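One gets the numbering used here by counting positions in the sequence shown from 1 and adding 13 to each. We put the CB at the ideal spot given by N, CA and C, even for glycine. No experiment lies behind these values; they were computed from the predicted model shown.
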Amino acid sequence: MKAKKRAIKYLMADSFYFKQKGYCPCCDKDVCFESRSSWLRDYFLCNNCQSIPRERALMLVIEKYYPNWKDLDIHESSPGNRGASLKLRNNASKYLASQYFPNKPLGTKVENWLNEDLEQQTFRDESFDLVITQDVMEHVYNPEKAFFEISRTLKKGGAHIFTVPLVNKHKKSEIWATKDNHGKPIFINKPEWHGNVVDPNGSPVTMHWGFDIVDFIEEKSGLKTIIEHIDDLKYGIRAELIEVLVSQK
Numbered sequence: 014m015k016a017k018k019r020a021i022k023y024l025m026a027d028s029f030y031f032k033q034k035g036y037c038p039c040c041d042k043d044v045c046f047e048s049r050s051s052w053l054r055d056y057f058l059c060n061n062c063q064s065i066p067r068e069r070a071l072m073l074v075i076e077k078y079y080p081n082w083k084d085l086d087i088h089e090s091s092p093g094n095r096g097a098s099l100k101l102r103n104n105a106s107k108y109l110a111s112q113y114f115p116n117k118p119l120g121t122k123v124e125n126w127l128n129e130d131l132e133q134q135t136f137r138d139e140s141f142d143l144v145i146t147q148d149v150m151e152h153v154y155n156p157e158k159a160f161f162e163i164s165r166t167l168k169k170g171g172a173h174i175f176t177v178p179l180v181n182k183h184k185k186s187e188i189w190a191t192k193d194n195h196g197k198p199i200f201i202n203k204p205e206w207h208g209n210v211v212d213p214n215g216s217p218v219t220m221h222w223g224f225d226i227v228d229f230i231e232e233k234s235g236l237k238t239i240i241e242h243i244d245d246l247k248y249g250i251r252a253e254l255i256e257v258l259v260s261q262k
C-alpha cells in the first residue's frame with residue numbers, strides 16, 4: 014500500500030502541466046507560457062523565446078522606470094543568451110556586456126566578452142545609465158565592493174536593476190561562502206552551485222539574501238532600493254523568488 018502511494022505521488026509530480034496564453038515582454042509577441050515543473054521560476058517558459066518569469070519581470074520593470082532604455086548607456090554583467098539579455102543586446106544601441114574570467118586581465122576582451130570583475134571594475138565614474146544583473150549578486154564574495162562599484166559607475170539618475178533570489182525573505186541575510194587564497198570557495202553552509210554561461214563548473218552561491226538587502230545596499234553604496242514584486246499571468250510572471258530590485262542614484 015505504501016509503495017502504491019509513493020508511485021501515485023511520483024506520477025502526480027511528474028505529470029504537472031501548466032499553460033497560460035499571454036504576452037511576452039522579452040520577445041514582444043502573443044505567446045503561450047508552459048511549464049511541466051511546479052518550480053515555475055526556472056521552467057515556466059515562453060514558447061517563442063524560452064524566457065523565464067524573472068526575465069520577463071525584469072523587462073517590465075526596466076520599461077516602467079526607464080521607458081527610453083533603448084537610448085541609454087547600459088552595462089549588463091554576466092548576461093544570458095535569451096530573454097531580457099537578448100532583448101537588451103539587440104535593441105539598446107549603447108549596450109555593453111561583460112563576463113568575469115578570473116585568470117585573465119581585467120578590461121580586456123575574452124571570448125568576445127569584456128572581462129570585468131564587479132568588485133573592481135575598470136570603467137570610469139558615471140559611465141552608465143543602467144547596470145543590469147540577473148541572479149548574479151548571490152555569487153559575489155565581497156558584495157559591499159560590488160554594490161559600491163556599481164554605484165560608482167552609474168550616472169546620476171541611473172539605476173542598478175537586478176534580480177537576486179531573496180531566499181531568506183524576512184530573516185537576516187547570510188554569508189554562504191568565502192574564498193581561499195586560490196580563489197576557491199570555502200562553504201560555511203551546505204555547498205550550493207548555480208549555472209554559469211562561461212564556466213561549466215558553475216558558480217558557487219556566496220550569499221543567501223533577505224529583504225534586508227535594501228539596507229545593506231544603502232549602507233555600502235548610498236543607493237536607495239525598491240523591491241518590485243510582480244504576479245501577472247498575462248505576462249507569464251508567476252513564481253517563487255520573483256522580486257526585481259531597483260537601486261537608484
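Checklist entry - Considering only residues of the region 215-249, which uninterrupted beta strand (DSSP E) runs meet the minimum length of 3 residues and lie entirely inside it, listed in chain order? => result 237-241
Next on the checklist: Can you look up residue 201 in the DSSP assignment and give me helix, strand or coil?
Outcome noted: On the sequence shown, residue 201 is found 188 positions in, with the first residue counted as 1. Correct three-state label for residue 201: coil.
Checklist entry - Below 8 Å, can you find three or more Cβ-Cβ pairs linking the region 161-168 to the region 65-75? => result no
Checklist entry - Between residue 173 and residue 163, is the Cβ-Cβ spacing less than 8 Å? => result Here residue 173 refers to the residue found at position 160 of the sequence shown. Here residue 163 refers to the residue found at position 150 of the sequence shown. Yes; because the gap between Cβ atoms is below 8 Å, this pair is in contact.
Checklist entry - residue 158 lies in the alpha helix (DSSP H); which residues open and close that run? => result If you number the sequence shown from 1, residue 158 lands on position 145. That run of the alpha helix (DSSP H) goes 156-166.
Item to check | Start-to-end residues for the alpha helix (DSSP H) that takes in residue 53 | outcome: Translated into positions along the sequence shown, residue 53 becomes position 40. First-last of the alpha helix (DSSP H) with residue 53: 53-56.
Next on the checklist: Using a Cβ distance threshold of 8 Å, determine whether the region 225-243 contacts the region 194-201, with at least three qualifying pairs required.
Outcome noted: no
Next on the checklist: Between which two residues does the alpha helix (DSSP H) holding residue 103 run?
Outcome noted: Within the sequence shown, numbered from 1, the residue matching residue 103 stands at position 90. Run containing residue 103: 96-104, per the alpha helix (DSSP H) assignment.
Next on the checklist: Could you check whether residue 240 and residue 160 sit closer than 8 Å to each other, using their CB atoms as the reference points?
Outcome noted: Here residue 160 is taken as the residue at index 147 of the sequence shown, counted from 1. Here residue 240 is taken as the residue at index 227 of the sequence shown, counted from 1. Result no, Cβ atoms of residue 160 and residue 240 do not sit closer than 8 Å.
Checklist entry - Going by alpha carbons, who is nearest to residue 203 out of 217, 210, 209 and 213? => result Start at 1 with the first residue of the sequence shown, and residue 203 comes out as number 190. That would be 217, whose Cα lies nearest to the Cα of residue 203.
Next on the checklist: Need the endpoints of the alpha helix (DSSP H) that residue 75 sits in, please.
Outcome noted: On the sequence shown, position 62 is the one that residue 75 refers to. 66-78 is the extent of the alpha helix (DSSP H) around residue 75.
Next on the checklist: Quick test of the definition: if touching needs 3 or more C-beta pairs under 8 Å, does the region 104-122 touch the region 177-193?
Outcome noted: no
Next on the checklist: Can you give me the C-alpha to C-alpha distance between residue 177 and residue 245, rounded to a whole angstrom?
Outcome noted: The residue you call residue 177 lines up with position 164 of the sequence shown. The residue you call residue 245 lines up with position 232 of the sequence shown. If I take the Cα positions, the gap works out to 19 Å.
Item to check | Cβ-based neighbour list, residue 141, same chain, cut-off 7 Å, excluding 5 preceding and 5 following | outcome: Locating residue 141 in the sequence shown gives position 128, counting from the first residue. Only 86, 87, 88, 166, 167, 168 and 171 meet the Cβ criterion.
Checklist entry - Using 8 Å as the threshold, is the region 94-106 in touch with the region 124-132, meaning 3 or more CB pairs across them? => result no
Checklist entry - When you compare only the Cα positions, how much space is there between residue 38 and residue 194? => result By one-based count along the sequence shown, residue 38 stands at place 25. By one-based count along the sequence shown, residue 194 stands at place 181. When rounded, the distance between both Cα atoms is 43 Å.
Checklist entry - Of all the CB atoms in chain D, is at least one closer than 8 Å to the CB of residue 93? => result The chain labelled as chain D is not found in the depicted structure, where only one protein chain is given.
Next on the checklist: In this structure, how does DSSP classify residue 138 when only helix, strand and coil are distinguished?
Outcome noted: The residue given as residue 138 occupies position 125 in the sequence shown. In this structure, residue 138 counts as coil in the three-state DSSP scheme.
Checklist entry - Looking only at C-alpha atoms, which of 56, 249, 68 and 52 sits nearest to residue 148? => result To locate residue 148, count along the sequence shown from 1; it is residue 135. Minimum Cα distance to residue 148 is reached at 68.
Checklist entry - Can you tell me where the beta strand (DSSP E) with residue 258 in it begins and where it stops? => result Reading the sequence shown from its first residue, position 245 is the one you call residue 258. Segment 257-261, the beta strand (DSSP E) holding residue 258.
Checklist entry - Which residues share a DSSP beta bridge with residue 35? => result Taking the first residue of the sequence shown as 1, we reach residue 35 at position 22. Paired residue(s): 44.
Next on the checklist: What would DSSP say about residue 189, mapped onto helix, strand or coil?
Outcome noted: Here residue 189 refers to the residue found at position 176 of the sequence shown. Note: residue 189 maps to coil in three-state DSSP.
Checklist entry - Using CA coordinates, which residue listed in 256, 80, 81 and 134 is at the minimum distance from residue 182? => result By one-based count along the sequence shown, residue 182 stands at place 169. Measuring from the Cα of residue 182, the nearest candidate turns out to be 256.
Item to check | Alpha carbon of residue 40 to alpha carbon of residue 61, nearest angstrom | outcome: Indexing the sequence shown from 1 puts residue 40 at position 27. Indexing the sequence shown from 1 puts residue 61 at position 48. Those two C-alpha atoms are separated by around 8 Å.
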